[in-house]
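In what follows, a single structure is set out as structure tokens and then discussed.
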Amino acid sequence: MKVEDKIQIQKFFLMLLNTFFLILGISIFGSAAWILFDRSSFVVVISSEANVQVVASGLALIGLVAIGVTLLGCIAAHLDNRCLLSCYMGFSVVIILGQVFITFVLLLRSTKIVDFFTNKVDEAIDEYGGNNTKSIWMLLDTVQQSAKCCGMRDPSDWQRNWFAVALNESHIYPCSCSQDSTCQFLPSIQNSTHLFMNGTNIFIKGCKDTLAWWLKENYIVILAMDLGLFLMQIVLSVCIFRNIVQKSRQKLRNLDDSLEVQPGTVGSAYHQYQDYF
Numbered sequence: 001m002k003v004e005d006k007i008q009i010q011k012f013f014l015m016l017l018n019t020f021f022l023i024l025g026i027s028i029f030g031s032a033a034w035i036l037f038d039r040s041s042f043v044v045v046i047s048s049e050a051n052v053q054v055v056a057s058g059l060a061l062i063g064l065v066a067i068g069v070t071l072l073g074c075i076a077a078h079l080d081n082r083c084l085l086s087c088y089m090g091f092s093v094v095i096i097l098g099q100v101f102i103t104f105v106l107l108l109r110s111t112k113i114v115d116f117f118t119n120k121v122d123e124a125i126d127e128y129g130g131n132n133t134k135s136i137w138m139l140l141d142t143v144q145q146s147a148k149c150c151g152m153r154d155p156s157d158w159q160r161n162w163f164a165v166a167l168n169e170s171h172i173y174p175c176s177c178s179q180d181s182t183c184q185f186l187p188s189i190q191n192s193t194h195l196f197m198n199g200t201n202i203f204i205k206g207c208k209d210t211l212a213w214w215l216k217e218n219y220i221v222i223l224a225m226d227l228g229l230f231l232m233q234i235v236l237s238v239c240i241f242r243n244i245v246q247k248s249r250q251k252l253r254n255l256d257d258s259l260e261v262q263p264g265t266v267g268s269a270y271h272q273y274q275d276y277f
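Taking full-length UniProt numbering, the leading residue of the sequence shown gets 1, the next gets one more, and so forth.
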């Protein structure tokens, strides 16, 4: 296969990967905007304003870096520019090392992260049912129904809820803890927004283990996927770089051959050499 054909094939696959990362970068930047402007999101609800701004700023920076590096790779491949390709590969290596470092730190601090979520969920459980915390208990309902869990550690966490304490009952739970498809509301609050029930047919396990497992699984999956794709980008970039070098050497050999065959064409060959580089 000719060197030019190899370069075109490799450029196609590199452009394909870069398109994916461009979409990923835009999505990350969009997530930052969502966190900042959607006041009912999970991150906003459980975190302070300062923490939200830090998270959103970090995501926005990561998204912009991903977009910039991706565009640099596309331009470098399109122009067959070795200098830009070298910069692109260097930035890709830095991004890979940064991802490994961040994931490693998150894994080391996973216990603290889970404890942070646990404390926030405990506060939400205590205040569940209050109109001023409606967005929080709607999130709790979603988590408990999807994960089929009840409470953070176990169902007994709900005995601290202000409504359960006020009724002085031992089996007061939100309807999201029920294993039944329908929930029998407490008669005294059937027409209110407090979706509580009195029963024992509930999910037994707590949500803490599910949350911890979900966090660790996502760390590993995201890291493995990103590392694989970035390594493919670097390999393709190296291949294109080598083929461009081979192409330039072949061009120089052709120029040398033309000089030997036609000595009078030194000036034109020199200009061709300058035009190429």
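Ideal placement from N, C-alpha and C gives every residue a C-beta, glycine not left out.
All figures in this text were calculated on a predicted structure; none of them were measured in a lab.
With 16 or more neighbouring CB atoms inside 10 Å of its own CB, Q144 falls in the buried class. DSSP, read as helix, strand or coil, puts Y88 in helix.
In this chain, I136 is not harboured by any beta strand (DSSP E); it is covered by the alpha helix (DSSP H) spanning K134 to A147. For F203, there is no enclosing alpha helix (DSSP H), since its DSSP letter is neither H nor E. Classified as exposed, W214 has fewer than 16 neighbouring CB atoms from the shown chains inside 10 Å of its CB. By the CB criterion at 9 Å, L229 and A147 fall outside the cutoff. Q233 is positioned such that its CB atom lies closer than 9 Å to that of F21.
Counting along the chain, the unbroken alpha helix (DSSP H) around N119 starts and ends at S110 to E127. Secondary structure at S248: helix, using DSSP grouped into helix, strand and coil. About 6 Å separates the Cβ atoms of G199 and H171, confirming a contact at the 8 Å cut-off. Shown here, N81 sits in coil according to DSSP, grouped into three states, outside any helix or strand. Here the alpha carbons of L84 and E4 stand approximately 19 Å from one another. If you check the CB distance, D157 and I204 do not come in under 9 Å.
Going by DSSP, M197 is part of the beta strand (DSSP E) stretching over F196 to N198.
When the five nearest sequence neighbours on each side are left out, the beta carbons in the same chain lying within less than 8 Å of the beta carbon of I95 are those of V65, A66, V69 and F230, in order along the chain. Contact between L72 and I28 does not hold, since their C-beta atoms are separated by about 17 Å, which reaches or exceeds 8 Å. With fewer than 16 other beta carbons inside 10 angstroms of its own, G30 counts as exposed. Bridge partners of S178 according to DSSP: I202. According to DSSP, residue pairing for I28 in a beta bridge does not occur.
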